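Keeping their order, the protein sequence lines are chains Y and W. Just so you know, the working numbering puts the end of the first sequence at 106, numbered straight through with nothing missing. Just so you know, the working numbering puts the end of the second sequence at 172, numbered straight through with nothing missing. Where a beta carbon is used, it is the ideal one built from N, C-alpha and C, also for glycine. Nothing here was measured: the structure is a model prediction, and the numbers come from that model. Worksheet: one structure, shown below.
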Amino acid sequence: DTGVSQNPRHKITKRGQNVTFRCDPISEHNRLYWYRQTLGQGPEFLTYFQNEAQLEKSRLLSDRFSAERPKGSFSTLEIQRTEQGDSAMYLCASSRITDTQYFGPGTRLTVL
Amino acid sequence: QKEVEQDPGPLSVPEGAIVSLNCTYSNSAFQYFMWYRQYSRKGPELLMYTYSSGNKEDGRFTAQVDKSSKYISLFIRDSQPSDSATYLCAFNAGGTSYGKLTFGQGTILTVHP
């Protein structure tokens, strides 16, 4: 069990560019979650998958955000036309169904 | 009204002190109660998990839940410098919303040697 991994760990981009983050969950975890955390705040739920199916999306997930989990293993989160307000830590977590969530180290995004 | 209120601190205590961290919540649907610890520039790690009112103890940590008052607490005994971190309370409603955790703002704790 190597834990949840996220890549890249840091991403600096210019406003208007597209960015994509990857999350590899703990093997055999059916569920995968994405959260966003800004400085001085707790994580805010964005979306989660059970296997390939995206089961819930937050209103925070605007049309510029899209998440996929094509084979029920790793997941990607893409942000199109980034804005300075998108600067945050993007956290991924995974779990077995009805089990607690284990978090990865996060991807820190800075939009200039 | 926010669903979860948590005093952001910061809280600074000497080594060996007893620390009390608290959260209040307004959503009666919350059934599962958690405390996470987050070190700087790391992801949150689960400390305590409970689903019933009362106390749950694990080593130096005790989680307390009072559903009638919508109040949860985390107590840390014999605090150590390694306990210095941000502590996040988290809640889950279960059922169809089982996947979504709602977090407090986090309390920054520093334990001085």
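Are the beta-carbon atoms of residue i and residue j separated by less than 8 Å?
i       : j      : result
Y:Q0    : Y:G66  : no
W:Q164  : W:Q65  : yes
W:R206  : W:L106 : For residue 206 of chain W there is no data in the structure shown, the boundaries of chain W being 60 and 172.
Y:C86   : Y:S60  : no
Y:G(-3) : Y:Y96  : yes
W:T161  : W:E62  : yes
Y:L54   : Y:L40  : yes
Y:T104  : Y:P2   : no
W:L80   : W:L133 : yes
W:D142  : W:L168 : yes
W:G158  : Y:Y42  : yes
Y:T76   : Y:R9   : yes
W:C82   : W:I135 : no
Please name the residue or residues paired with residue i in a DSSP beta bridge.
i      : result
Y:E62  : Y:T70
W:K126 : DSSP lists no partner for W:K126.
Y:A82  : Y:L103
Y:R90  : DSSP output for Y:R90 lists no bridge partner at all.
W:F120 : W:D117 and W:I135
W:L70  : W:L168
Y:T14  : Y:E72
W:Y110 : Answer is none; W:Y110 lacks a bridge partner.
W:N81  : W:S132
W:N151 : W:Y91
Y:E107 : Residue 107 of chain Y is absent from the structure shown; chain Y starts at -5 and stops at 106.
Using a Cβ-Cβ distance under 8 Å, would residue i count as near chain W?
i     : result
Y:P37 : yes
Y:T94 : yes
Y:F15 : no
Y:P19 : no
Y:R30 : no
Y:P2  : no
Y:G10 : no
Y:R75 : no
Smallest Cα separation from residue i: which of the options?
i      : options                          : result
W:V124 : W:P103, W:L160, W:F89 and W:L105 : W:F89
Y:N45  : Y:S21, Y:E38, Y:R30 and Y:S52    : Y:S21
Y:N24  : Y:H4, Y:G36, Y:L106 and Y:L49    : Y:L49
W:L147 : W:N86, W:G75, W:S79 and W:W94    : W:W94
Y:Q11  : Y:Q74, Y:Q78, Y:A47 and Y:T94    : Y:Q74
Y:E62  : Y:Y27, Y:I91 and Y:P37           : Y:Y27
W:Y110 : W:S99, W:K101, W:P103 and W:K126 : W:K126
W:K129 : W:G102, W:S85, W:L70 and W:A122  : W:S85
Taking 8 Å as the CB-CB cut-off, is residue i touching chain Y?
i      : result
W:K129 : no
W:G75  : no
W:F120 : no
Please find out if some non-hydrogen atom of the ligand ADP comes closer than 7 Å to the beta-carbon of residue i.
i     : result
Y:L26 : With respect to small molecules bound, the structure shown includes none, and the ligand ADP cannot be examined in it.
Chain B beta carbons: is any one of them nearer than 8 Å to that of residue i?
i     : result
Y:D18 : As a matter of chain content, chain B is missing from the structure shown, whose protein chains are Y and W.
Near-chain W residues of the region 45 to 71 of chain Y (beta-carbon distance less than 7 Å), N- to C-terminal order: L49 and E50
Where the region 79 to 91 of chain Y meets chain W: residues whose CB sits under 9 Å from a CB there: M83, L85, C86, A87, S89 and I91
Near-chain Y residues of the region 138 to 152 of chain W (beta-carbon distance less than 7 Å), N- to C-terminal order: L147
Residues in the region 96 to 108 of chain W having any Cβ partner in chain Y nearer than 9 Å: Q97, R100, K101, G102, P103, E104, L105 and Y108
Positions along the region 158 to 169 of chain W whose CB lies within less than 8 Å of some CB in chain Y: G158, K159, L160, T161, F162, G163, Q164 and G165
Residues of the region 67 to 94 of chain W with Cβ closer than 8 Å to any Cβ of chain Y, in chain order: P67 and M93
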